[in-house]
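Student:
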Amino acid sequence: MDELREIMITTDEIKTDEYLINMGPQHPSTHGVLRLLVQLEGEIVHNVQPHVGYIHSGIEKMAESLSYPQIGHLTDRMDYLSAHQNNEAVALCVENALQVEVPERVKYIRTIMSELSRLASHQLWWCVMGMDMGALTTFFYGLRDREDILDIFEETCGARLTVNYSIPGGLMFDIHPNFQRDVKAFIKKFKTKLPEYDRLLSGNVIFTERTKGVGFLSKEDAIAYGVTGPTGRASGFSCDLRKHRPYSAYDKVNFKEILSDVGDTYARYQVRMAEMWESMSIIEQLIDNIPEGDYAVKMKGVVKLPEGEFYQRVETARGEFGVFIVSDGKKNPYRVKFRSPGFSNLFAINHIAKGWKIADLVAIMSTFDLVIPDIDR
Amino acid sequence: MKSIIAYITEILKGIWTLLTGMKVTAKYFFTPWKHVTQQYPENRKTLKIAERFRGEVIMPHNENNEHKCTGCGICEINCPNGSIEIITKSLILEDGKKKRAIDQHIYHLGMCTFCNLCVKACPTGAIVMGQNFEHAVWDRSTLTKVLNQPGSKIMEGVKD
């Protein structure tokens with residue numbers, strides 16, 4: 000009812016030439032069930048109101064009735080393209096609360112897995128971005144290369160998407176004997192494939208015309224809206240947690256934080272493309288130096304956190320992901336809050352898309368790299 | 000005049016970028032052996048599934064119809080979705096003592112999220128993850144399975 004009233008109020012404000020349309024919840028370029036209430040004058044966007052909650056699954060509430068090792072597998076299902084980083088965030092939060100030091104081997108493997116999953120996520124984003132712009136070819140090329148990473152995940156973690164690999168205390172399994180060989184083969188192969196991406200899409204005249212100079216987000220606005228990840232970095236907001244708050248093995252590798260001060264749709268595209276090269280360089284630095292040792296520390300059968308509040312944040316493929324656990328000393332958390340990057344990023348869309356055409360809204364939304372379960376949780 | 004030249008160069012540049020992209024697709028069009036597509040239902044016999052792949056929970060039995068499950072219920076506690084139910088019975092041993100044994104290990108495949116926590120927690124290694132991934136059935140009641148085979152009993156020497 001409240002929503003209806005809200006629509007009626009906004010309808011009253013509309014001038015004669017304006018009209019409201021629903022973009023979504025079933026729309027191919029919203030990548031899920033996201034409903035955007037768009038106020039249009041002809042083709043020009045005057046106002047975009049995102050309405051979320053269509054696939055709200057109550058993960059935070061469900062987590063209150065689960066034990067700490069069980070929470071991890073739910074976070075796979077939030078941002079399913081950054082499942083490794085989400086698992087890692089929960090695991091790190093519980094480990095910090097219990098003051099458990101995990102072996103070096105675990106840290107290295109977690110970092111490699113996170114970067115592989117970032118690569119897979121950016122590959123999917125790239126192919127879907129092309130598809131949103133009307134280039135269906137890119138969709139097949141991106142998925143072809145993503146398949147190799149998913150095969151690596153399948154071999155080591157036992158699942159392709161919902162991996163549940165990092166658990167409090169370490170890892171679910173040790174790496175597969177073929178892991179290092181496969182990852183090296185993938186990196187070697189993908190280094191020849193990534194320039195192909197540039198040839199297909201980055202220079203394409205139709206693509207550049209539709210993205211260059213479209214949808215600006217200034218650094219101040221990025222900070223004000225809490226836009227993080229590649230979307231924020233394209234506006235010049237230095238927010239890479241891997242650099243500023245290194246966790247796992249990120250303090251042992253050399254990599255550049257990709258920044259751009261342009262802030263348009265093409266800058267967001269280029270930041271992600273450059274991040275793929277950086278991810279590959281991080282993996283190359285670590286893959287030969289995985290130290291020997293245990294893949295997990297022995298945890299108690301029932302994990303109980305001390306009373307208090309614990310927060311851990313990690314850099315997922317979309318931005319800053321935070322886990323906030325309030326514990327009252329029992330085996331279940333009192334309250335769990337996930338700070339998801341997609342939610343904060345999405346609500347900057349009204350600010351960015353105002354004044355642009357409705358076709359530009361699709362391009363802008365695409366560079367936000369939306370994953371709807373991450374927004375709705 | 001200058002603006003006309005600029006206009007034409009822009010068009011030519013645009014066409015060139017389109018041709019660069021077309022070159023990539025043409026390369027794959029004329030090299031079909033580089034394709035990676037798998038003909039899935041036809042290639043079932045040669046399909047390789049990773050040995051760790053989590054398809055379903057199974058309880059391996061040996062040739063004497065014996066398993067390793069003691070009925071301790073740790074998997075049931077560790078399952079986040081309640082997909083495992085353990086029903087135990089008590090056996091009376093030869094010396095008159097009572098011993099707990101598994102009656103039915105009920106597994107609801109439809110509720111399982113394949114998180115591997117039950118397999119990790121099992122103290123005797125009685126349950127493992129199977130590689131079967133083709134779970135489509137006509138009736139959802141068939142998704143509820145009893146993992147221990149009828150008439151099976153515990154292996155010699157397995158204790159909690």
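Chains as they are written, first to last, in numbering that gives the first Met the number 0: chain A, 0 to 376; chain B, 0 to 159. All C-beta atoms, glycine included, are put in the ideal place defined by N, C-alpha and C.
1. Between L146(B) and P40(B), what straight-line distance do the alpha-carbon atoms span, to the nearest angstrom?
2. Beta-carbon within less than 6 Å of D150(A)'s beta-carbon, same chain only, minus the 5 sequence neighbours each way: which residues are those?
3. Alpha carbon to alpha carbon, how far is K158(B) from T123(B)?
4. Does any residue of chain B bring its CB to less than 7 Å from the CB of A295(A)?
5. Of the residues L39(A), C92(A), Q48(A), which one's Cα is nearest the Cα of S326(A)?
6. Check whether chain B comes within 7 Å of D16(A), counting only Cβ atoms and requiring the distance to be less than that.
7. CB-CB under 7 Å to P286(A), same chain, minus the five flanking residues each way: which ones, in chain order?
8. With a threshold of 7 Å between beta carbons, is V145(B) in contact with chain A?
9. Take I54(A) and list the residues in its own chain whose beta-carbon comes closer than 8 Å to its own, dropping the five residues that flank it on each side.
10. In angstroms with no decimal places, state the Cα-to-Cα distance between W15(B) and E208(A).
11. Going along the stretch 195-206 of chain A in order, which residues come within less than 7 Å of chain B, judged by CB to CB distance?
12. With DSSP collapsed to three states, give me the class of K211(A).
13. State the Cα-Cα distance for the pair N288(A) and E146(A), rounded to the nearest angstrom.
14. Quick one: give me the first and last residue of the beta strand (DSSP E) that R312(A) is part of.
15. Regarding Y249(A) and the ligand GDP, is the C-beta to nearest heavy atom distance less than 6 Å?
16. Whose C-beta lies closer than 8 Å to the C-beta of H243(A) among residues of the same chain, with five residues either side of it excluded?
17. Would you say N163(A) faces chain B, with C-beta separation under 7 Å as the test?
18. Quick one: which chain B residues come within Cβ less than 8 Å of E146(A)?
19. How about H72(A): is its C-beta nearer than 7 Å to some C-beta of chain B?
20. DSSP on P415(A), reduced to helix/strand/coil?
21. Drop a sphere of 10 angstroms on the beta-carbon of Y6(B), count the other beta-carbons inside from all chains shown, and report buried for 16 or more, exposed for fewer.
22. Please report the residue range of the beta strand (DSSP E) in which D102(B) lies.
23. Report the CB separation of R53(B) from F113(B) in whole angstroms; it is logged as a contact under 8 Å.
24. Who are the neighbours of G20(B) on chain A, taking C-beta pairs under 7 Å?
25. Does the structure place the stretch 19-34 of chain B close enough to the stretch 187-200 of chain A that three or more beta carbon pairs sit under 8 Å?
26. Does the stretch 148-167 of chain A come within contact of the stretch 258-266 of chain A, defined as at least 3 CB pairs closer than 8 Å?
27. Do I78(A) and T315(A) have their C-beta atoms within less than 7 Å of each other?
28. Could you tell me how far apart the beta carbons of V301(A) and Q311(A) are, in whole angstroms, since I believe they sit closer than 8 Å?
29. Compare the C-beta of L65(A) against all C-beta atoms of chain B and say whether one is closer than 7 Å.
30. Of all the options R334(A), L240(A), A221(A), which has the alpha carbon lying nearest to the alpha carbon of S343(A)?
31. Taking all protein chains shown into account, do 16 or more other C-beta atoms lie within 10 angstroms of the C-beta of S113(A), making it buried, or fewer, making it exposed?
32. To the nearest angstrom, how far is it from the Cα of R43(B) to the Cα of E283(A)?
33. Nearest chain A C-beta to G95(B) closer than 7 Å, yes or no?
34. Which residue from R34(A), L35(A), S28(A), E40(A) puts its Cα closest to that of E17(A)?
35. Return no unless some Cβ of chain A is closer than 7 Å to the Cβ of V23(B).
36. Starting from T114(A), trace the alpha helix (DSSP H) both ways and give me its first and last residue.
Tutor: Concretely, from the data shown:
1. Taking the second sequence and counting its residues from 1, the one referred to as residue 146(B) is at position 147. Taking the second sequence and counting its residues from 1, the one referred to as residue 40(B) is at position 41. Taking the straight line from one Cα to the other gives about 27 Å.
2. In the first sequence, counting from the first residue as 1, residue 150(A) sits at position 151. Within the same chain, D150(A) has no close Cβ partners at all.
3. In the second sequence, counting from the first residue as 1, residue 158(B) sits at position 159. In the second sequence, counting from the first residue as 1, residue 123(B) sits at position 124. Rounded to the nearest angstrom, the two C-alpha atoms are 8 Å apart.
4. In the first sequence, the residue the question calls residue 295(A) occupies position 296. No, because no Cβ of chain B sits closer than 7 Å to the Cβ of A295(A).
5. Position 327 of the first sequence holds residue 326(A). For S326(A), the nearest C-alpha among the options comes from C92(A).
6. Stepping through the first sequence from its first residue, residue 16(A) is reached at position 17. It does not; no Cβ of chain B falls within 7 Å.
7. Sequence index remark: in the first sequence, residue 286(A) carries index 287 (1-based). What sits at residue 286(A) in the sequence shown is Ile, not Pro. Within the same chain, I286(A) has close Cβ partners I111, Q179, V182, K183.
8. Your numbering for residue 145(B) matches position 146 in the second sequence. For V145(B), the answer is no, since every Cβ of chain A falls outside 7 Å of its Cβ.
9. Along the first sequence, one-based indexing puts residue 54(A) at 55. If we look at I54(A) and ignore the five residues flanking it on each side, its Cβ neighbours are G31, V32, I371, P372, D375.
10. On the second sequence, residue 15(B) is found 16 positions in, with the first residue counted as 1. On the first sequence, residue 208(A) is found 209 positions in, with the first residue counted as 1. If you take the alpha carbons of W15(B) and E208(A), they lie about 15 Å apart.
11. E195, R198, L199, G202, N203, V204
12. For the purposes of this step, residue 211(A) is identified with residue 212 of the first sequence, where counting begins at 1. Looking at K211(A) - three-state DSSP - the assignment turns out to be coil, as it is neither helix nor strand.
13. Sequence index remark: in the first sequence, residue 288(A) carries index 289 (1-based). Sequence index remark: in the first sequence, residue 146(A) carries index 147 (1-based). For N288(A) and E146(A), the distance between alpha carbons rounds to 25 Å.
14. As a position in the first sequence, residue 312(A) is number 313, starting the count at 1. R312(A) -> beta strand (DSSP E) spans 307-314.
15. Because no ligand of any kind appears in the structure shown, any question about the ligand GDP cannot be addressed here.
16. For this step, residue 243(A) is matched to residue 244 along the first sequence. Once the five neighbours on either side are set aside, the close Cβ partners of H243(A) are S237.
17. The residue given as residue 163(A) occupies position 164 in the first sequence. Closer than 7 Å to some Cβ of chain B, the Cβ of N163(A) qualifies, so yes.
18. In the first sequence, residue 146(A) corresponds to position 147, counting from 1. The contacting residues are V35.
19. For the purposes of this step, residue 72(A) is taken as residue 73 along the first sequence, with counting starting at 1. Closer than 7 Å to some Cβ of chain B, the Cβ of H72(A) qualifies, so yes.
20. Any question about residue 415(A) goes unanswered here, given that chain A covers just 0 to 376.
21. Counting from one through the second sequence, the residue named residue 6(B) turns up at place 7. With fewer than 16 Cβ atoms within 10 Å of its Cβ, Y6(B) is classed as exposed.
22. The residue given as residue 102(B) occupies position 103 in the second sequence. Run containing D102(B): 97-107, per the beta strand (DSSP E) assignment.
23. Taking the second sequence and counting its residues from 1, one reaches residue 53(B) at position 54. Taking the second sequence and counting its residues from 1, one reaches residue 113(B) at position 114. Yes, they are in contact, since the Cβ atoms of R53(B) and F113(B) sit about 4 Å apart, within 8 Å.
24. Indexing the second sequence from 1 puts residue 20(B) at position 21. Within chain A, the residues near G20(B) are R198, L199, N203.
25. yes
26. no
27. Residue mapping note: residue 78(A) aligns to position 79 of the first sequence, counting from 1. Residue mapping note: residue 315(A) aligns to position 316 of the first sequence, counting from 1. With the sequence shown as reference, residue 78(A) is identified as Asp, and Ile is not the correct amino acid for it. For D78(A) and T315(A), yes; Cβs fall inside 7 Å.
28. Residue 301(A) sits at position 302 when you count from the first residue of the first sequence. Residue 311(A) sits at position 312 when you count from the first residue of the first sequence. No, V301(A) and Q311(A) are not in contact; Cβ-Cβ is about 21 Å, not under 8 Å.
29. As a first step, residue 65(A) must be located in the first sequence, where it is residue number 66. Chain B, which has a Cβ nearer than 7 Å to the Cβ of L65(A), makes this yes.
30. Here residue 343(A) corresponds to residue number 344 of the first sequence, with the count starting at 1. Comparing Cα positions, the closest option is A221(A).
31. Within the first sequence, numbered from 1, the residue matching residue 113(A) stands at position 114. S113(A) comes out buried.
32. Here residue 43(B) refers to the residue found at position 44 of the second sequence. Here residue 283(A) refers to the residue found at position 284 of the first sequence. Cα to Cα, the separation comes out at about 35 Å.
33. By one-based count along the second sequence, residue 95(B) stands at place 96. Not closer than 7 Å to any Cβ of chain A, the Cβ of G95(B) fails to qualify, so no.
34. Taking the first residue of the first sequence as position 1, residue 17(A) is located at position 18. That would be E40(A), whose Cα lies nearest to the Cα of E17(A).
35. Within the second sequence, numbered from 1, the residue matching residue 23(B) stands at position 24. Cβ-Cβ to chain A under 7 Å: yes for V23(B).
36. Walking along the first sequence from the start, residue 114(A) turns up at place 115. Inspection of the sequence shows that residue 114(A) is occupied by Glu rather than by Thr. Taken as a continuous stretch (DSSP letters only), the alpha helix (DSSP H) holding E114(A) covers 103-131.
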